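Residues 1 to 431 (the UniProt record's numbering) make up the sequence shown, in order.
Heads up: the structure comes next, in structure tokens.
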Amino acid sequence: MINNPAKIHYYTRDLFSKIETFLKTKEIIAIVGSRQVGKTTLLQKIYNELSKKQKCLFLTFENRSELELFERDVESFKDLYCTRYQVIFIDEFQYAKDAGQKLKYLFDTTDVKFFISGSASLQIKEAGKYLVGRIFTFRLHPFSFSEYLRAIDEPIYRLTRKYFNQVQEIFSGNNPKVESLIKSETIKNKLAAYFEQYLIFGGYPRVVSAKNTEEKKQVLESIVDNYLLRDIQSLLKLATENELMTLARSLSLQSGNLVSFTELSNPTHLSYKEVKKHIRILEETFILNLVYPYFRNKRTELVKNPKVFFGDNGFHNKLIDNFMPLAARADSGALAENFIFNSLSSSSAFLEINFWRTKSQAEVDFILSRENQIIPLEAKFAPMGKKIIGKSLFSFINKYKCKTAIVTTNGDFGIRKTGAAAVYFIPAFFI
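Structure representation (structure tokens):
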């Protein structure tokens with residue numbers, strides 16, 4: 001039991017403002033995400049806010065006595081805690097067995113507001129079956145690039161915040177007047193250097209706060225080993241350590257590319273079904289994401305094989321042990337594409353993210369769907385002097401009558417009209 005969680009340095013997270021809306025509602029708040037993304041810290045932040053006016057209790061199910069009391073005698077748990085506190089926080093909720101039924105009972109029979117966190121989506125989803133209409137679930141990602149800037153250089157963040165907001169306006173279906181990028185070469189160079197560091201080492205808070213490159217590598221090694229090998233393997237009873245690590249490394253080498261489950265059987269020594277099962281669990285534990293094709297014509301468009309993206313660039317780079325500068329890497333474009341996917345998925349602006357590829361090899365990197373709106377996005381990372389619309393993107397715009405399209409660049413903002421569509425050229429780091 002933690003009556004007063006330790007005061008630790010708190011980096012402002014964008015998710016907090018979204019959760020604030022639900023602080024006074026009765027529904028359970030669940031915060032999910034991979035290990036080390038800051039779930040406990042965010043829970044502590046909420047605890048510190050609410051405990052100013054309400055009686056709050058902070059528990060963690062890494063504490064065996066608290067976990068066993070909840071699992072074996074929920075009535076005693078209720079008598080001991082729910083009669084004395086108005087708000088109860090439970091960290092590491094994924095360790096509890098049959099958690100959904102027990103939490104439903106506590107929700108239905110007390111007036112306590114519950115906050116829970118977990119790093120295994122499978123367990124939270126299983127619990128959620130019993131909590132329909134009683135729970136709001138929020139995903140916490142590693143730092144976005146804007147959060148990263150706010151953590152390491154507040155003045156640069158304040159200076160660039162309007163550009164991040166400008167891009168969100170475009171995603172929202174509005175047509176803002178795009179402004180040119182910052183003119184100062186010093187600031188532009190600093191921004192580019194920060195972005196390179198982010199693409200290489202990622203956005204895990206502990207990695208961001210590390211003092212030097214070697215410490216960042218050590219923290220990432222600890223995250224990969226403890227999370228991938230200890231937590232996932234033991235919690236979900238997967239394959240041997242070597243098979244799981246080999247699968248993760250094989251997938252990291254295919255980041256941004258089509259995945260063949262059959263081909264992954266050879267290096268991992270797992271059957272086709274086992275490969276699919278393990279990849280699904282790597283998805284559910286927030287290690288990676290599979291992105292599937294967008295199609296309306298099965299005869300001419302790819303409909304089956306997904307692409308793979310990792311939830312954090314630093315995690316990906318640790319798996320392949322490559323922390324070389326971007327100029328020395330053949331996969332710098334793939335790293336930028338992986339970053340763009342994570343930025344898109346964490347913004348929650350779109351219901352679906354797909355890619356498009358035809359059997360004649362025309363391809364658009366991302367297709368963003370929301371209600372009746374479709375936005376194709378071409379992920380480029382090379383400097384772009386001219387506003388060039390590639391043949392594949394042009395083909396998709398015409399085929400699906402898009403009103404908005406996006407091309408990311410390593411350059412400046414811009415806009416070009418093609419028919420009824422507005423094609424926005426956006427620096428990749430502002431996505």
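C-beta: ideal position from N, C-alpha, C; glycine also.
Treat the numbers as computed from the prediction; the structure is a model and nothing was measured.
Going by C-alpha positions, residue 271 is about 16 Å away from residue 245. Boundaries cannot be given for residue 428, as no beta strand (DSSP E) includes it and DSSP labels it neither H nor E. Contact between the segment 302-312 and the segment 279-289 is present: 3 or more CB-CB pairs across the two stretches fall below 8 Å. For residue 275, the secondary structure class from DSSP, reduced to helix, strand or coil, is helix. The segment 48-66 makes contact with the segment 77-90: 3 or more CB pairs, one atom from each, lie closer than 8 Å. Taking 8 Å as the cut-off, the beta carbon of residue 30 is found no closer than this to the beta carbon of residue 182. In this structure, DSSP gives residue 376 an extended state, which the three-state scheme calls strand.
Under the three-state reduction of DSSP, residue 352 is assigned to strand. Rounded to the nearest whole angstrom, the C-alpha separation of residue 144 and residue 368 is 19 Å. The beta strand (DSSP E) runs of length 3 or more contained entirely in the segment 275-361 are, from start to end of the chain, 288-291, 307-310, 352-357.
In the DSSP assignment, residue 56 is bridged to 87.
Under the three-state reduction of DSSP output, residue 76 falls in the helix class.
Residue 42 places its beta carbon less than 8 Å from that of residue 13. Close CB contacts of residue 305 within its chain, under the 8 Å cut and outside five residues either way in sequence, are with 258, 259, 260, 293 (chain order).
With contacts defined by Cβ atoms closer than 8 Å, residue 210 and residue 224 do not form a contacting pair.
In terms of CA proximity to residue 417, 405 leads the group 277, 427, 428, 405. In the structure shown, residue 156 adopts helical secondary structure according to DSSP, grouped into three states. In the assembly as shown, residue 365 is a buried residue. Its beta-carbon has 16 or more other beta-carbons within 10 Å. Just so you know, the alpha carbons of residue 118 and residue 46 end up roughly 16 Å apart. Residue 414 sits close to residue 387, with the two beta carbons spaced by under 8 Å. Beyond the five residues adjoining it in sequence on each side, residue 352 comes within less than 7 Å, by CB distance, of 369 in the same chain, given in chain order. Beta-bridge partners of residue 407 (DSSP): 378, 425. Contact annotation: residue 426 and residue 408 have beta-carbon atoms nearer than 8 Å. The C-beta of residue 44 has 16 or more other C-beta atoms within 10 Å across all chains shown, which makes the residue buried.
Residue burial is scored here from C-beta neighbours: residue 317 has at least 16 other C-beta atoms within 10 angstroms and is therefore classed as buried.
Taking 8 Å as the upper bound for CB-CB distance, residue 343 and residue 281 are not in contact here, some 24 Å apart. Residues of the same chain with a CB within less than 8 Å of the CB of residue 132, apart from the 5 flanking positions on each side, do not exist.
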